[in-house]
Structure formats: C-alpha cells, structure tokens
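The next block holds one structure in the form of structure tokens; read it before the comments.
In our numbering, the protein residues as written are 119 to 370.
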C-alpha cells in the first residue's frame, strides 16, 4: 500500500515562529515526523506552512532539502512577492500557496483571485484553502471556481458547509482527506460522497502533528479510509490523486 502524505507540518524552533492568538506549537522536526510516520511507509508528501510560520520560507527550504525530491512544499506568501522569489521557491520544491482563513498567518482572502491566477501562470502552482466551508459565500465560491487549480483542507471542516464542498468538487476542486478530528461530520459518508462525484478529488494526509486538533491523527484515521475504499479507488485516495495534483515524480 503506497501513501503520499498530502498534508503535514514541520515545526522547527531553529527558524522563526509566530505566536497565533497566544499559541506557539511544540517542536515537530523532520526527525520527529519520520519517527512518528515510519509505520505508514510513506513514499512522499506535502509540507504545509502553518499560521505560526507566517511568511517565513527558511524552515520550508531546509525541510525540503532534508526530505528530498519526493516531497513538495505549500507556502504562505504576501501578494507583493516578486516573480523571481516565486520561481526560486518553485525550484526548491514548493508547489502551492496557502490561504489560512481559519487561523491567519497568510495573505488576506481578498487577494486569492489575483494571487491564485499569478502563481499558476508563473509556476503552475495551485491554491490551498484552510477554511470552514460554511464561510464560503456565493462570491467566494465563484472566485474559487474561476481559479485553475484549488484544494480545500480537512474536508471543509463542517457538515454545515459540506454541500458547498460537494458543489466545488463537481467543478474540479480537490479536497484533502485529512484532519478528521477537526470536523463535525460523518467522515465515512463524506468520503464516499466526494469520491462518487469525482474519484480524483480526495487526497489523504496525516495532518501530523495535528496541532490544536481536538483529536490528533491515529491509525484509526487510516483505517477509516482503507475500510471505505478498495482497489484502484483506494490507491487514488492514498497516493495517486495527490501525486498527480502536486506534479510529483516519486523516486522509489
């Protein structure tokens, strides 16, 4: 069983960290991640910048250099970032820009259309969005659908916004099967509903170290996926959907 971890965080105290509403996470280094995820035999993944890292790129560049070519980065950037910096980050393995509506630390959501189009045209990057889907109004939904490539974290978080997630999936938006402990929905039903609309949409991830999650990632989260899907569809959710979306050529 091959796994591409589409969503995890590295928290390295050697690099700048910004308290978020007074919260500063415990360290979770590359070594910590490798130890905690060893049993999964992960073949690659996406390192996602958190609110507490704001616009710092130094931790991410170091992390990607250590993890190697099977891993990519999801960063946070201000809208005035110059093209050469974006291209330099791309060369280092960054493949997406994140808008963290839930926690902050990223650019304002009002800049998503401008930035999303620019980073895609420049480097083929997509936009990742951490938001409670119930906060996606009609205007933002139209903006997201106008962008060439979008994913939404943690199944959109709430059952109240899940109908919006399904509409977006129908139009090509991808969804991370991550952070199950952050949601208030029936996970198995949600996974099935998304996959029935678009079998290419779901991308599994551990969300390690599950910072501030009421229920951190456990083996049961993986079992939820493996008990829900089988065969080719299971491999899509665990591995190939994310591989294709991030444009990763895994070196086994």
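All residues carry an ideal CB built from backbone N, CA and C; glycine is no exception.
Remember, predicted model here, so these are calculated numbers, not experimental data.
Cβ-Cβ distance between residue i and residue j below 8 Å
i, j, result
"residue 357", "residue 190", "no"
"residue 216", "residue 184", "no"
"residue 301", "residue 275", "yes"
"residue 259", "residue 284", "no"
"residue 269", "residue 246", "yes"
"residue 280", "residue 313", "no"
"residue 122", "residue 166", "no"
"residue 235", "residue 205", "no"
"residue 326", "residue 151", "yes"
"residue 161", "residue 120", "yes"
"residue 261", "residue 230", "yes"
"residue 213", "residue 243", "yes"
"residue 344", "residue 335", "no"
"residue 273", "residue 308", "yes"
"residue 221", "residue 248", "yes"
"residue 223", "residue 297", "no"
"residue 315", "residue 288", "yes"
Continuous alpha helix (DSSP H) stretch holding residue i: start and end
i, result
"residue 283", "280-288"
"residue 184", "176-185"
"residue 148", "148-155"
"residue 197", "Element bounds for residue 197: n/a, residue is neither H nor E."
"residue 163", "Unbroken run through residue 163 is the beta strand (DSSP E), 162-166; no alpha helix (DSSP H)."
"residue 202", "201-210"
Sheet register partners of residue i (DSSP bridge)
i, result
"residue 321", "294"
"residue 247", "217, 270"
"residue 304", "Residue 304 pairs with nothing; no bridge assigned."
"residue 141", "138"
"residue 191", "165, 212"
Given residue i as reference, the closest of the options once Cα atoms are compared
i, options, result
"residue 311", "295, 259, 141, 215", "295"
"residue 172", "272, 250, 133", "133"
"residue 139", "151, 170, 146, 125", "170"
"residue 225", "239, 197, 288", "197"
"residue 254", "227, 266, 177, 233", "227"
"residue 329", "211, 146, 135", "146"
Residue i CB to nearest heavy atom of the ligand MN below 7 Å
i, result
"residue 322", "Absence of the ligand MN from the depicted structure is noted, as is the absence of any ligand whatsoever, leaving it without description."
Host beta strand (DSSP E) of residue i (start-end)
i, result
"residue 115", "What is shown of the chain runs 119 to 370, which leaves residue 115 out entirely."
"residue 237", "Element bounds for residue 237: not the beta strand (DSSP E) but the alpha helix (DSSP H), 230-241."
Supposed close pair residue i, residue j - CB separation, criterion 8 Å
i, j, result
"residue 143", "residue 129", "5 Å"
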